[in-house]
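Q: Taking our numbering, the leading residue of the sequence shown gets 39, the next gets one more, and so forth. Starting off with a structure, shown below.
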Amino acid sequence: MRLNLHKPYAPIEPIVYKEWEQAGISVFFKREDLAHPFISGNKWRKLHYHLTTAATNNARVLVTFGGAYSNHLLATAAAGAKYGFETIGIVRGEAVKNPVLGMCNHFGMQLLFIDRTAYNDHGAYKEKNPVDDAYWIPEGGGGALGEKGMGELLEEVPVDFTHLCCSIGTGSSFSGLLYKAAESNLTIQLEGFAVIKGGEYLANGFQELNYKHYTYHTHSHGGGYAKTSPELLAFIEKFSRATGILCDQVYEGKMLYYLDEMIVNGYYAKGSKILVLHNGGLTGMLSLFA
Ligand SMILES: *Cc1c(COP(=O)(O)O)cnc(C)c1O
Numbered sequence: 039m040r041l042n043l044h045k046p047y048a049p050i051e052p053i054v055y056k057e058w059e060q061a062g063i064s065v066f067f068k069r070e071d072l073a074h075p076f077i078s079g080n081k082w083r084k085l086h087y088h089l090t091t092a093a094t095n096n097a098r099v100l101v102t103f104g105g106a107y108s109n110h111l112l113a114t115a116a117a118g119a120k121y122g123f124e125t126i127g128i129v130r131g132e133a134v135k136n137p138v139l140g141m142c143n144h145f146g147m148q149l150l151f152i153d154r155t156a157y158n159d160h161g162a163y164k165e166k167n168p169v170d171d172a173y174w175i176p177e178g179g180g181g182a183l184g185e186k187g188m189g190e191l192l193e194e195v196p197v198d199f200t201h202l203c204c205s206i207g208t209g210s211s212f213s214g215l216l217y218k219a220a221e222s223n224l225t226i227q228l229e230g231f232a233v234i235k236g237g238e239y240l241a242n243g244f245q246e247l248n249y250k251h252y253t254y255h256t257h258s259h260g261g262g263y264a265k266t267s268p269e270l271l272a273f274i275e276k277f278s279r280a281t282g283i284l285c286d287q288v289y290e291g292k293m294l295y296y297l298d299e300m301i302v303n304g305y306y307a308k309g310s311k312i313l314v315l316h317n318g319g320l321t322g323m324l325s326l327f328a
C-alpha cells in the first residue's frame, strides 16, 4: 500500500494587533492550524513520513504514546481513521476520561493507560508488549521522519521574513526546522519558545544541528508545562477577541504571551517581519471550559 499525502492547507496571513503595529513590527501567522481540525499543525507535518512509511511497510496498526490531553494522540487517531489504520494510544497515568481522549476513542483509537514509571521507558514497554503488524510512532510524532516532515514547511516560507517563531515541547518540531534551515543555507532567524520548565536540556541537541541563526528562549514556560496564570489566560482571551484567532494556553498562547512582551519591550528591531507558526492544538483549550 502507498499513501500519497497532499500538502496541507496552511496559508500565511497578516495579524492586525494594535500593540504590535505601534511597536513597528509586522507579524504574520502561518496557519498550520488549518491543515485539519484534529491532525493540526506540527502534528500533521510530523506524521507525514510516519504515515507514508507505515503504509509502505504494510502496517495494519499505528501505536503511539501520549499524555491525557495529547494533541499527538488525537492527531494519530484521526489520521488512522482517515488513512485506513487501526490505532492504539498508550496513555500516561491512571485511567481518566476527558474530551480529548473521548475524541480519540470516537475515531476508533484503543486507549491503554499505563502508570508513569512504566510509561517513561517506551523501549522497554514496546519490547514487552509487541503488537502484530504495528508501526510504532515516537511520542509527539518526532524522530528523523517527523523532523523531516516538519522541516519541509520552510519551503513555503517567503525569504523576506526576518524571524520565524515556533513553540517547543519535545523539541522535535524546532529540530526539524533547524535541520532543514541549515541544509538549505537559510538566514532567517528561528525563534524557539520553550513551554516546559527545564527546557535547557534540549539546547545541546539544537546546537548540534549547526544552524547559526536561532535563539532558544527557555524562560517562556510560565511556571511549567500546561501551567497557567490569570495574566496568560487574560492575554489569550484578549488576543482572540482582537484577531478572531484562537490560541491554546499550553503551546501557542504561551509562546505569544512572551512574544508580545518581547515585541512591546523592543526586543525586535523596528521593521522586523515576523512569521509565527500556529501549530493548532486547540482541543487543549477544552480543559479550560470543562
Ligand atoms: C505538540 C505541539 C507543540 C510542541 O511541538 P514539539 O515538536 O513537541 O516541540 C507545539 N504546539 C502545539 C499546538 C502542539 O500540539
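Where a beta carbon is used, it is the ideal one built from N, C-alpha and C, also for glycine. Since we're looking at a predicted model, the values are computed, not measured.
Helix, strand or coil for residue 148 per DSSP?
A: One-based indexing of the sequence shown puts residue 148 at position 110. Strand, per DSSP.
Q: CB-CB under 6 Å to residue 212, same chain, minus the five flanking residues each way: which ones, in chain order?
A: The residue you call residue 212 lines up with position 174 of the sequence shown. Contacts found: 204, 206, 230.
Q: Whole angstroms is fine: what's the gap from residue 309's alpha carbon to residue 293's?
A: Position 271 of the sequence shown, counted from the first residue, corresponds to residue 309. Position 255 of the sequence shown, counted from the first residue, corresponds to residue 293. Approximately 21 Å between the Cα atoms of the pair.
Q: In terms of DSSP beta bridges, what is residue 232 paired with?
A: Counting from 1 along the sequence shown, the entry for residue 232 is found at position 194. Paired residue(s): 206.
Q: Between 305, 69, 208, 299, which has its C-alpha nearest residue 288's C-alpha?
A: As a first step, residue 288 must be located in the sequence shown, where it is residue number 250. Looking from the CA of residue 288, the closest CA among 305, 69, 208, 299 belongs to 208.
Q: Would you please verify whether the beta carbon of residue 80 is less than 8 Å from any beta carbon of chain B?
A: Looking at the structure shown, chain B is missing, and only one protein chain is on hand.
Q: Run the proximity test for residue 317: is its beta-carbon closer than 7 Å to any non-hydrogen atom belonging to ligand 1?
A: Position 279 of the sequence shown, counted from the start, is the residue given in the question as residue 317. Taking the Cβ of residue 317 as the reference point, at least one heavy atom of ligand 1 falls within a distance shorter than 7 Å.
Q: Using DSSP's beta-bridge definition, name the partner residues of residue 313.
A: To locate residue 313, count along the sequence shown from 1; it is residue 275. Looking at the DSSP assignment, residue 313 forms a beta bridge with 66, 202.
Q: Return yes when at least one heavy atom of ligand 3 lies under 7 Å from the C-beta of residue 88, else no.
A: This structure simply doesn't include ligand 3; it includes ligand 1 instead.
Q: State whether the region 191-202 contacts the region 213-228, with contact taken as three or more CB pairs (one from each stretch) at a distance under 8 Å.
A: As far as the Cβ criterion goes, the region 191-202 touches the region 213-228, which means the pair count is three or higher.
Q: Looking at the unbroken alpha helix (DSSP H) that takes in residue 251, where does it start and where does it end?
A: Locating residue 251 in the sequence shown gives position 213, counting from the first residue. Residue 251 -> no alpha helix (DSSP H), and no H or E assigned at all.
Q: What I want to know is whether the C-beta of residue 290 ends up closer than 7 Å to one or more non-hydrogen atoms of ligand 1.
A: Along the sequence shown, one-based indexing puts residue 290 at 252. Result yes, Cβ under 7 Å from ligand 1.
Q: Would you list the one or two residues that DSSP bridges to residue 51?
A: Numbered from its first residue, the sequence shown carries residue 51 at position 13. Residue 51 pairs with 67.
Q: Tell me the rounded alpha-carbon separation between residue 319 and residue 74.
A: Taking the first residue of the sequence shown as 1, we reach residue 319 at position 281. Taking the first residue of the sequence shown as 1, we reach residue 74 at position 36. C-alpha separation (whole angstroms): 10 Å.
Q: Could you tell me which residues DSSP puts in a beta bridge with residue 227?
A: By one-based count along the sequence shown, residue 227 stands at place 189. Bridge partners of residue 227: 201.
Q: So is the beta-carbon of residue 81 under 7 Å away from any non-hydrogen atom of ligand 1?
A: The count along the sequence shown starts at 1 and reaches residue 81 at position 43. Yes, Cβ of residue 81 sits closer than 7 Å to a heavy atom of ligand 1.
Q: Going by C-alpha to C-alpha distance, which of 264, 249, 109, 245 sits closest to residue 234?
A: Residue 234 sits at position 196 when you count from the first residue of the sequence shown. For residue 234, the nearest C-alpha among the options comes from 264.
Q: Indicate whether residue 246 and residue 210 have their beta-carbon atoms separated by less than 8 Å.
A: Locating residue 246 in the sequence shown gives position 208, counting from the first residue. Locating residue 210 in the sequence shown gives position 172, counting from the first residue. Cβ distance not < 8 Å, so residue 246 and residue 210 don't count as in contact.
Q: I'd like the ranges of any alpha helix (DSSP H) spanning at least 4 consecutive residues and lying wholly in the region 84-136.
A: DSSP runs (the alpha helix (DSSP H)) wholly in the region 84-136: 109-121.
Q: In the DSSP assignment, what residue or residues form a beta bridge with residue 172?
A: By 1-based counting over the sequence shown, the position of residue 172 is 134. According to DSSP, which records beta bridges pairwise, residue 172 is partnered with 99.
Q: Please say whether residue 125 and residue 100 have beta carbons closer to each other than 8 Å?
A: Here the question's residue 100 lines up with position 62 in the sequence shown. Here the question's residue 125 lines up with position 87 in the sequence shown. Contact: yes.
Q: If you measure between the beta carbons of residue 295 and residue 270, is that distance less than 8 Å?
A: Here the question's residue 295 lines up with position 257 in the sequence shown. Here the question's residue 270 lines up with position 232 in the sequence shown. Contact flag set, yes.
Q: State the Cα-Cα distance for the pair residue 278 and residue 286, rounded to the nearest angstrom.
A: By 1-based counting over the sequence shown, the position of residue 278 is 240. By 1-based counting over the sequence shown, the position of residue 286 is 248. Their backbone Cα atoms lie some 10 Å apart in a straight line.
Q: Is it the case that the Cβ atoms of residue 40 and residue 51 are separated by a distance below 8 Å?
A: The residue given as residue 40 occupies position 2 in the sequence shown. The residue given as residue 51 occupies position 13 in the sequence shown. No, the pair does not count as a contact, with Cβ atoms beyond the cut-off.
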